[in-house]
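Okay, structure first, notes after.
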Amino acid sequence: MTDPSKRARDGTEPCYKCGIVGHWYKHCRASNDIVATYKRYRESKEQETHYLEETNNDPEANLTITDFTNIDNDDSSLELSDFD
C-alpha cells in the first residue's frame, strides 16, 4: 500500500475541506455549500458501523468415513420406476 505521506506529495490525497483531489486544504476555493455537504458526508461515514451475527446453525460440511459406515445398505431407494 502507498505511504500516506507520499500520496499527499504526489497529489492523490483528497482535500480535507471539500474532498476533491488535486489541491490542498489551504488552497481550496470550494463554496461553503460544497464544504458543508462534504463535512456531512465525512461525519456520516465516520459513524458507519457493520454488524455481523454468526450463528452455528449450518450442518457440518466436513464428512468422514464414520458418517457413512452406519448407513443401512438399502438399495431399493435407488431404483426408479419405468416412465415409458
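Anchor point for the sequence shown: position 34 equals 18 in the numbering used here, and the numbering is continuous, going up by one each time. Think of the CB as a built atom: it goes at the ideal place given N, C-alpha and C, for glycine as much as any other residue. Predicted model, so just to flag it, every value in this text is computed and none were measured.
- Under the Cβ criterion (8 Å, minimum of three pairs), the region -7 to 8 counts as touching the region 21 to 28.
- In this model, Pro(-2) and Cys12 are separated by some 11 Å (Cα to Cα).
- Rounded to whole angstroms, Ala14 and Glu37 show a C-alpha spacing of 42 Å.
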